[in-house]
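Visitor: Supplied in structure tokens, the structure appears directly below.
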Amino acid sequence: MLEKKINQFEHPCCGISPNKDFSICKECSKRGESVKEITLKNLVKEPKLEDIKNPGGFYFCKTATCNTVYFNNEQHIYLHKEDVKARVGIKETECPVPVCYCFGWTRERIFDQIRDQGESTAFQEITARVKAGECDCWKNNPSGRCCLGEVNKVVKNGMELYGKRIRTKSGKLRNLPVVGSIISAIAASICCIGPVVLAILGIGGAGFFSKFEGLRQYFIVITFVLLGLTFYLTYKKREALCEDGTCKIRSAGKWNKIAVLAATTLVVFFLVFPYLHLSNHNPTSNQVTGEIVETAIHVEGMTCSGCEFNVENAVNKLKGIIQVRADYQHGKVYVKYEKEKVTLNDLKETIRKAGYRTLAPNTMKRND
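When you line the sequence shown up against our numbering, it's residues 373 to 740, in that order.
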């Protein structure tokens with residue numbers, strides 16, 4: 373696959389020989405590939421090069437552990453690392469380890485780029501310059517061939533060593549907007565969510581959350597900005613380096629997209645929470661024996677149905693309550709109760725403990 377990709381460049385230094393001529397290196401018993409005379413003439417040191425009568429018929433030994441670089445079994449000539457001008461990357465164990473001889477890419481440079489940026493641009497940059505006809509692989513690379521295959525291997529190795537940590541870090545950074553949008557949506561509706569939570573827990577002081585009502589519009593804007601950023605980062609197309617050295621355009625994975633949609637559902641729920649009907653003003657089933665009084669108490673601090681739920685829940689806990697209905701839009705709490713079991717002051721004190729201010733009530737008497 374990589375050879376087909378390289379051949380598309382139509383540049384002689386990246387052409388792969390179709391005959392695939394090879395010979396066996398007698399020092400390691402592994403196969404070596406043929407090299408052109410120009411490669412030997414440019415890379416073999418002068419003293420050794422002068423001893424070679426015929427530079428044709430030489431092969432490059434690509435075994436990493438073998439000290440032989442070039443060999444010719446017919447002439448019984450074996451040239452080692454010390455006989456070559458350039459460092460042979462695939463045979464080096466100490467830095468620097470050259471990977472691309474034409475444009476100065478080393479293994480260390482690729483690894484450093486992955487550590488710093490989370491990926492390497494080596495393959496793309498070299499590809500562009502090869503297409504522009506700037507490479508001289510047959511003169512610079514000891515193998516006499518294009519380096520892109522080896523570059524791809526080094527990049528993959530670097531990603532395995534250092535890319536996971538970078539991807540994890542960048543993945544966490546990409547999660548920040550979605551988490552932030554959920555928190556912002558909760559903050560936008562905290563004036564209603566807070567009272568409901570406190571009512572369920574049986575804790576007073578819910579009126580404190582009404583102070584956040586004026587900030588709701590700002591939190592809503594922040595929520596949508598963060599949610600938009602979340603969708604952008606999730607569905608943004610990114611280049612990914614594949615095994616054959618090519619780049620493919622990919623977006624986030626299936627489960628990431630599902631997680632974003634789930635988070636969006638939560639955000640919508642929290643934002644519409646203030647508009648949900650949460651009232652608890654159903655008439656009591658207790659037997660009524662005394663005088664029934666209906667009253668409307670003016671209450672300050674109720675901002676949504678959550679506040680209504682909190683007030684109704686608190687008042688319903690009193691003995692003698694027949695029915696209670698809070699109306700945050702008009703700022704009133706309508707209570708029907710037995711006069712002998714509960715007083716108006718009891719009602720007002722209960723509402724104040726729930727976290728709201730009470731004003732003068734309008735009272736009507738009824739005898740049933």
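Glycine included, every Cβ here is placed at the ideal spot set by N, Cα and C.
On the three-pair Cβ rule with 8 Å, is the region 550-559 touching the region 519-526?
Guide: No contact exists between the region 550-559 and the region 519-526.
Visitor: First and last residue of the beta strand (DSSP E) that includes glutamine 695?
Guide: First-last of the beta strand (DSSP E) with glutamine 695: 693-699.
Visitor: Near methionine 531, what residues of its chain come up, given a Cβ to Cβ distance below 7 Å and the 5 sequence neighbours on each side ignored?
Guide: Around methionine 531: Ile486.
Visitor: Quick one: give me the first and last residue of the beta strand (DSSP E) that glutamate 506 is part of.
Guide: No beta strand (DSSP E) contains glutamate 506, which DSSP labels as neither H nor E.
Visitor: Output the distance between the C-alpha atoms of valine 660 and glycine 703, rounded to the nearest integer angstrom.
Guide: Near 28 Å, if we compare the C-alpha coordinates of glycine 703 and valine 660.
Visitor: Where does the unbroken alpha helix (DSSP H) through glutamate 666 begin, and where does it stop?
Guide: No alpha helix (DSSP H) holds glutamate 666; the beta strand (DSSP E) holding it covers 664-672.
Visitor: Roughly how many angstroms separate the alpha carbons of glutamate 672 and leucine 716, rounded to a whole number?
Guide: Between glutamate 672 and leucine 716, the C-alpha separation is close to 17 Å.
Visitor: Do glutamate 399 and phenylalanine 443 count as a contact pair if the criterion is CB distance below 9 Å?
Guide: Yes, the pair counts as a contact, with Cβ atoms nearer than the cut-off.
Visitor: Can you pull the DSSP bridge partners for isoleucine 462?
Guide: Answer is none; isoleucine 462 lacks a bridge partner.
Visitor: Is serine 561 closer than 9 Å to valine 646 when the C-beta atoms are compared?
Guide: Inspection of the sequence shows that residue 646 is occupied by proline rather than by valine. Yes, these two residues count as a Cβ contact at 9 Å.
Visitor: Per DSSP, what kind of secondary structure is valine 471 in: helix, strand or coil?
Guide: Strand at valine 471.
Visitor: Exposed or buried, which one is glutamate 422 when buried takes at least 16 other CB atoms within 10 Å?
Guide: By the 10 Å Cβ count, glutamate 422 comes out exposed.
Visitor: Might you give, ordered along the chain, the residues of its own chain that have their beta carbon closer than 6 Å to the beta carbon of proline 470, omitting 5 neighbours on each side?
Guide: Excluding sequence neighbours, proline 470 sits near Arg459, Gly461, Thr478.
Visitor: What did DSSP end up calling lysine 704 once you bin it into helix, strand or coil?
Guide: In this structure, lysine 704 counts as strand in the three-state DSSP scheme.
Visitor: Excluding the 5 residues flanking proline 549 on each side, which residues of the same chain have their C-beta closer than 8 Å to its C-beta?
Guide: The answer, listed in chain order, is Leu598, Leu599, Leu601, Thr602, Leu605.
Visitor: To the nearest angstrom, how far is it from the Cα of lysine 501 to the Cα of glutamine 447?
Guide: In the sequence as displayed, the identity of residue 501 is arginine instead of lysine. Their backbone Cα atoms lie some 38 Å apart in a straight line.
Visitor: Could you tell me the distance, in whole angstroms, from the CA atom of asparagine 426 to the CA atom of glutamate 409?
Guide: The alpha-carbon atoms of asparagine 426 and glutamate 409 are separated by roughly 9 Å.
Visitor: So, for cysteine 676: in the same chain, excluding its five sequence neighbours on each side, which residues have a beta-carbon less than 7 Å away from its beta-carbon?
Guide: Closer than 7 Å at the Cβ level, and outside the excluded window around cysteine 676, lie Cys563, Cys564, Pro646, Tyr700.
Visitor: Near threonine 722, which residues of its chain fall below 8 Å by C-beta distance, leaving aside the five closest residues on each side in sequence?
Guide: Taken in chain order, the residues that qualify are Ala686, Val687, Lys689, Leu690.
Visitor: By alpha-carbon positions, which one of Gln489, Thr437, Val456 ends up nearest to proline 419?
Guide: Of the listed residues, the one whose Cα sits closest to proline 419 is Val456.
Visitor: DSSP state of leucine 533, grouped into three classes?
Guide: Helix at leucine 533.
Visitor: Would tryptophan 627 be called buried (16 or more neighbouring beta carbons within 10 Å of its own) or exposed?
Guide: Classification of tryptophan 627: exposed, given that the 10 Å Cβ count is below 16.
Visitor: Roughly how many whole angstroms lie between the Cα atoms of threonine 435 and threonine 595?
Guide: Looking at the two C-alpha atoms, the distance is approximately 58 Å.
Visitor: Which residue's Cα is closest to the Cα of threonine 437: Cys397, Glu684, Tyr728?
Guide: The residue with the shortest Cα to Cα distance from threonine 437 is Cys397.
Visitor: Pull up the distance between the alpha-carbon of glutamate 666 and that of valine 569, whole angstroms please.
Guide: Cα-Cα distance, rounded: 28 Å.
Visitor: Let's see if you can read the secondary structure: which residues bound the alpha helix (DSSP H) around glutamate 418?
Guide: 418-423 is the extent of the alpha helix (DSSP H) around glutamate 418.
Visitor: Taking only three categories from DSSP, how would you classify serine 556?
Guide: In the structure shown, serine 556 sits in a helix (DSSP, three-state: H, G or I).
Visitor: Compute the Euclidean distance between the alpha carbons of alanine 634 and phenylalanine 591, then round it to the nearest angstrom.
Guide: Computed Cα separation, rounded: 20 Å.
Visitor: Who are phenylalanine 789's beta bridge partners in DSSP?
Guide: In the structure as shown, the chain starts at 373 and stops at 740, and residue 789 therefore has no counterpart that could be examined.
Visitor: Taking only heavy atoms of the ligand ADP into account, decide whether any of them is closer than 8 Å to the Cβ of valine 416.
Guide: The ligand content of the structure shown is nil, which means the ligand ADP is not present either.
Visitor: In whole angstroms, what separates the C-alpha of asparagine 513 from that of lysine 503?
Guide: Taking the straight line joining both Cα atoms gives about 17 Å.
Visitor: Counting C-beta neighbours from all protein chains within 10 Å, is the total for proline 567 16 or more, i.e. buried, or is it exposed?
Guide: With 16 or more other Cβ atoms within 10 Å, it is buried.
Visitor: Going by other Cβ atoms of all chains shown within 10 Å of its Cβ, with 16 needed for buried, is phenylalanine 495 buried or exposed?
Guide: Looking at its Cβ environment, which holds 16 or more other Cβ atoms inside 10 Å, phenylalanine 495 is buried.
Visitor: Does the separation of the CB atoms of leucine 573 and isoleucine 669 fall below 9 Å?
Guide: Cβ distance not < 9 Å, so leucine 573 and isoleucine 669 don't count as in contact.
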